[in-house]
Structure formats: C-alpha cells, structure tokens
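Here the structure comes first, spelled out in structure tokens, and everything after it is commentary.
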Amino acid sequence: MEGHWALPEFEILKDIPWIWTEKIDGTNIRIQWNGREVRFGGKTDDAQIPTFLLNVLQDKFTADRMKAVFTDATEVCLYGEGYGAKIQKGSHYLPDRTDFILFDCKVDNWWLARPNLEDIANKLSIGIVPIMGMGTLPQAVELVKKGYKSTIAHNKNYDAEGLIMKPAVELFNRQGQRIVSKIKFRDFIR
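Taking my numbering, I'd label the letters of the sequence shown as residues 1485 to 1674.
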C-alpha cells in the first residue's frame, strides 16, 4: 500500500541517500566458491536451474577462473540474475541467448561495496546491474511509478521491472540482516 513501508527500518531510513540499481526480470542465481569447487544454486536450495542456463554458468564460472579472482577467500557467494531468452520476459533483454548479471557478492563474512563488485565483474568478464541513480526512497518510488526504460534490454522500448535500493552506507537490522529494498513497476498498476 502506497505510503506504508514494508519494514519499519524503511520508514526511519527513507530520507537518507540510497543507491538505486535496475531490477532485472530473471531468475535468482547463487554461485558459490569454497576455494576448490564451484556450486550453482537458485534463490533457495530447492530451486531448479534450467539446463540451458546451467550450461552458461558452468562455462563462465570455472574453478580456474574463480581461483584466479578469489585467491585468498575461503567462502565466496556471487548473487545475480540469470536472464535472457526463455527466462521470464527475458527475450526483451537478450532475444536469442541467456546470461548472468551480477548484483551482489559476499566474501567470507563481508558484503562487498560497489567498486569491489565492479572489479569482480570486470575480472570475470560478466555484466553488473546498472546504477540508475541515488536518492531517497520516496524519490525512488516516484521514478518507478512513472516508469523508465531498461538500460540493458536489447528492446529499447522495454519498461524496466523496477529498482533495487541499498543505503549508500551498508546497514543491517537488529537480526543482522542487510537493509535492501525493492520496488516493482507492477506494484503501481491498478
């Protein structure tokens, strides 16, 4: 419901600076590296990754590549979206193929900052979700309500799914969970 926040933290933090990234309409993917092997998963451990996407992930994230990028880390988890043809409305993004786009990374017990994410994306030759702006949560709501075009879609007339917002300085709630918000365009369609 508009004007009400999903969590009390959002109400308190609504007027601080947040970094906004484009929300990609795909399937949530986790890529885990323990220093020896690469494992692939979805948002939950029970999630099934389509074979055509798993093949792409296995080609991109080999043990040798992960070892070269994460030389000293004991536990790494890359978070991103599998997107493109045959995934959600992904043909608007990539009409004839699927890919992975990075949106987060945890190395050991540390969530990485944006410059570190960009460095990892560069070293692994993978995409990273684009920054759409910086501002308050009410400003982000207004942008999504108006709608905006996806900046990564092949179809230049494709409306973006929404925004993911993180405080400009990493913050956690009382349970130790990161404070991250999302707004989808479809939330405002009546």
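Don't be surprised by glycine CBs; every beta carbon is placed ideally from N, CA and C.
Since the structure is predicted, the reported quantities are computational estimates derived from the model, not experimental observations.
In the DSSP assignment, find the unbroken alpha helix (DSSP H) run with residue i in it and report its ends.
i: asparagine 1606; result: 1598-1608
i: phenylalanine 1494; result: 1492-1497
Using alpha carbons as the reference points, say which of the options lies closest to residue i.
i: serine 1609; options: Pro1599, Leu1586, Gly1631; result: Leu1586
i: arginine 1598; options: Arg1670, Phe1494, Ile1667, Ala1652; result: Ala1652
i: phenylalanine 1672; options: Arg1658, Glu1645, Gly1660, Lys1650; result: Glu1645
i: arginine 1670; options: Ile1500, Ala1637, Gly1631, Ala1624; result: Gly1631
i: glycine 1519; options: Gln1542, Lys1551, Glu1602, Trp1504; result: Lys1551
i: serine 1575; options: Ala1637, Gln1659, Lys1507, Glu1654; result: Ala1637
Could you name the residues of the same chain whose beta carbon sits closer than 6 Å to that of residue i, not counting the 5 residues immediately before and after it, in chain order?
i: valine 1560; result: Trp1517, Phe1554, Val1591
i: serine 1634; result: Tyr1642, Ala1644
i: threonine 1511; result: Gly1566, Ile1571
Beta-carbon within less than 7 Å of residue i's beta-carbon, same chain only, minus the 5 sequence neighbours each way: which residues are those?
i: phenylalanine 1545; result: Ile1515, Val1522
i: leucine 1621; result: Phe1494, Lys1498, Trp1502, Met1649, Ser1665
i: alanine 1531; result: Gly1525
So, at 8 Å on beta carbons, what are the nonlocal neighbours of residue i in its own chain, with the 5 sequence-adjacent residues on each side left out?
i: phenylalanine 1656; result: Arg1662, Ile1663
i: alanine 1477; result: Residue 1477 falls outside the range modelled here, since the chain spans only 1485 to 1674, and no answer is possible.
So residue i and residue j are supposed to be a Cβ contact under 8 Å. How far apart are they, rounded?
i: threonine 1582; j: glycine 1568; result: 4 Å
i: threonine 1505; j: proline 1614; result: 6 Å
For residue i, report the span of its beta strand (DSSP E) as first-last.
i: arginine 1520; result: Looking at the DSSP string, arginine 1520 is not in any beta strand (DSSP E), and its letter there is neither H nor E.
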